[in-house]
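**Student:**
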Amino acid sequence: MAVTFPTAPDELQKTVHRTPEFFADMMLPEGVHNREQDYTVFFIHKDSEVKYCLSVVKTMHDANVRRGARIKAVAICSNYHDILNVAIDKLFALGSNESVSSATAVLSSLFDVINAVDVSGVTNLQKSEVEVRLLKRTMCAKPLGGPVHTSDESLEYTTHALWDDLTIPLKIKLGNTQDQHEEGSLIDLIAKFGDQTMQIYNAVLTGSRVILLGYGLPAVCNYVLSTSALLCPPLVGVIHRQHPYANLTDLAFLSVPGYIAGVTNPMFKGRKEWWDMHCDLATGDILVAHPLDKDDTDAIDHDFILQVRILCLLLYV
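Numbering (the UniProt record's numbering), first residue to last: 1 to 317.
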């Protein structure tokens with residue numbers, strides 16, 4: 001869990017093999033200046049390893065500064081969203097007295113705070129084949145005769161981070177595979193696309209190229225990450241196909257077979273040769289480059305998704 005703190009731009013290229021310009025593009029989603037707060041996720045792929053990077057962005061409007069606003073973003077290879085929010089607030093608190101050294105001190109403290117989080121009680125449920133087999137044996141396809149009570153508490157480890165006088169509560173999921181994420185809500189994906197969600201399911205399963213466009217919308221990455229939860233257990237290696245945030249500056253993701261990418265630029269919609277499926281998060285519409293003939297499975301998909309939505313309402317009310 002330990003991390004190192006790169007103090008100069010050239011160190012970024014040595015440690016993660018990416019340029020400072022790459023991080024600037026990834027950390028600041030297009031159109032973020034129109035939103036007071038946003039966050040995004042981007043992956044750094046290197047061979048079989050995937051680094052999960054979380055970037056939190058905030059905008060503070062100020063008529064006395066250039067372009068009428070101050071925008072700050074902090075990114076780190078970590079799932080601790082709430083800690084990054086505190087870091088952003090501390091950077092804004094520096095105000096007009098901000099200097100490179102004072103901002104660096106905040107970032108250095110951020111690394112210290114994250115590395116001080118107590119994770120000694122975390123158990124990896126996937127660390128051995130024996131444990132995986134035992135876990136599968138405890139699962140049953142149908143409910144038992146009597147009432148069944150379930151709880152997610154045993155699958156989460158609760159801890160906290162301390163930053164000065166602040167106590168930041170944290171939860172770590174224990175049962176995730178390498179292709180699952182803390183971020184991303186399947187409920188949000190179903191609420192957005194309804195029975196059309198099954199089209200996305202089929203696209204992910206068959207390795208189609210999927211674009212999710214969220215023009216002017218925050219947290220587009222959430223919908224990309226939620227595609228992992230469409231299949232349970234997730235497809236092995238699906239994380240290498242996911243690009244939670246992509247833009248026109250770096251189109252390398254187009255060469256990834258069966259990519260699943262989140263974008264905010266509407267220009268992607270017009271480039272039909274780039275995608276097999278285009279999902280519009282603003283309207284809930286789905287475009288398919290090569291439509292298939294409809295059959296009886298459409299009605300079955302509609303009924304299935306309706307049952308899932310009802311179940312979600314019952315679980316989260």
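For glycine and all other residues, C-beta sits at the position ideal for the given N, C-alpha and C.
Taking C-alpha atoms, which residue in Leu212, Asn34, Leu174, Ala24 lies nearest to Ser120?
**Tutor:** Of Leu212, Asn34, Leu174, Ala24, the residue nearest in Cα terms is Leu174.
**Student:** For Val50, write down the residues that DSSP places opposite it in a beta bridge.
**Tutor:** Paired residue(s): His45.
**Student:** For Ser120, does the three-state DSSP call read helix, strand or coil?
**Tutor:** Looking at Ser120 - three-state DSSP - the assignment turns out to be coil, as it is neither helix nor strand.
**Student:** If we count Cβ pairs, one from each stretch, closer than 8 angstroms, do we get three or more for the stretch 253 to 261 versus the stretch 60 to 77?
**Tutor:** Touching, no.
**Student:** By Cβ distance below 6 angstroms, which residues in the same chain neighbour Thr249 in space, the five residues on each side in sequence not counted?
**Tutor:** Here the set comprises Asp25.
**Student:** For the candidate residues Thr158, Ala63, Thr40, Glu49, whose alpha-carbon lies nearest to that of His240?
**Tutor:** It is Glu49.
**Student:** Tell me the DSSP bridge mates of Ile172?
**Tutor:** Answer is Tyr157.
**Student:** What three-state label does DSSP hand Asp165 in the structure shown?
**Tutor:** Three-state DSSP puts Asp165 in coil, outside helix and strand.
**Student:** Thinking C-alpha only, which one of Phe22, Asp62, Val56, Gln196 is nearest His81?
**Tutor:** Comparing Cα positions, the closest option is Val56.
**Student:** Would Thr158 count as contacting chain C if we go by Cβ distances under 8 angstroms?
**Tutor:** The question asks about chain C, but that chain is absent: this structure has only one protein chain.
**Student:** Between the alpha carbons of residue 318 and Trp275, how many angstroms are there, rounded?
**Tutor:** In this structure the chain extends from 1 to 317, so residue 318 is not present and cannot be described.
**Student:** Just reading off the alpha helix (DSSP H) that Val210 is part of, what are its end residues?
**Tutor:** Looking at the DSSP string, Val210 is not in any alpha helix (DSSP H); the run it does join, the beta strand (DSSP E), is 210 to 213.
**Student:** Ala87 to Leu110, Cα distance in whole Å?
**Tutor:** When rounded, the distance between both Cα atoms is 7 angstroms.
**Student:** Just to confirm the assignment, what range does the alpha helix (DSSP H) spanning Ala289 have?
**Tutor:** Ala289 -> no alpha helix (DSSP H), and no H or E assigned at all.
**Student:** Enumerate in chain order the residues of its own chain whose CB-to-CB distance from Met277 is below 8 angstroms, with the five nearest sequence positions on each side excluded.
**Tutor:** The answer, listed in chain order, is Gln199, Ile200, Ala203, Ser208, Arg209, Val210, Ile211, Ile286, Leu287, Val288, Ala289.
**Student:** Would you mind stating whether Phe42 and Tyr245 have Cβ atoms separated by less than 8 angstroms?
**Tutor:** Result yes, Cβ atoms of Phe42 and Tyr245 sit closer than 8 angstroms.
**Student:** Could you check if Leu54 is buried or exposed, using at least 16 other CB atoms within 10 Å of its CB as the buried criterion?
**Tutor:** Leu54 should be labelled buried.
**Student:** So, under 8 angstroms CB-CB, Ala103 and Leu91 are touching, yes? Tell me the CB distance rounded to an integer number of Å.
**Tutor:** That belief holds up - the Cβ atoms of Ala103 and Leu91 are roughly 6 angstroms apart, short of 8 angstroms.
**Student:** What distance in whole Å lies between the Cβ atoms of Leu213 and Pro266, which are believed to be in contact at a cut-off of 8 angstroms?
**Tutor:** Yes, they are in contact, since the Cβ atoms of Pro266 and Leu213 sit about 7 angstroms apart, within 8 angstroms.
**Student:** Between the alpha carbons of Glu183 and Glu98, how many angstroms are there, rounded?
**Tutor:** If I take the Cα positions, the gap works out to 32 angstroms.
**Student:** Quick one: using the 10 Å Cβ neighbour count with 16 as the cut-off for buried, is residue 327 buried or exposed?
**Tutor:** Since the first and last residues shown for the chain are 1 and 317, residue 327 lies out of range.
**Student:** Quick one: is Asp62 buried, meaning 16 or more other Cβ sit within 10 Å of its Cβ, or exposed?
**Tutor:** Burial call: exposed.
**Student:** Output the boundary residues of the alpha helix (DSSP H) element that contains Ala24.
**Tutor:** That run of the alpha helix (DSSP H) goes 20 to 27.
**Student:** Using a 10 Å radius around the Cβ and a threshold of 16 neighbouring Cβ atoms, would you call Thr19 buried or exposed?
**Tutor:** By the 10 Å Cβ count, Thr19 comes out exposed.
**Student:** Measuring CB to CB, does residue 327 end up less than 8 angstroms from Ala105?
**Tutor:** Past the edges of the chain, shown from 1 to 317, lies residue 327, and the structure says nothing about it.
**Student:** Output the distance between the C-alpha atoms of Leu170 and Glu21, rounded to the nearest integer angstrom.
**Tutor:** Between Leu170 and Glu21, the C-alpha separation is close to 31 angstroms.
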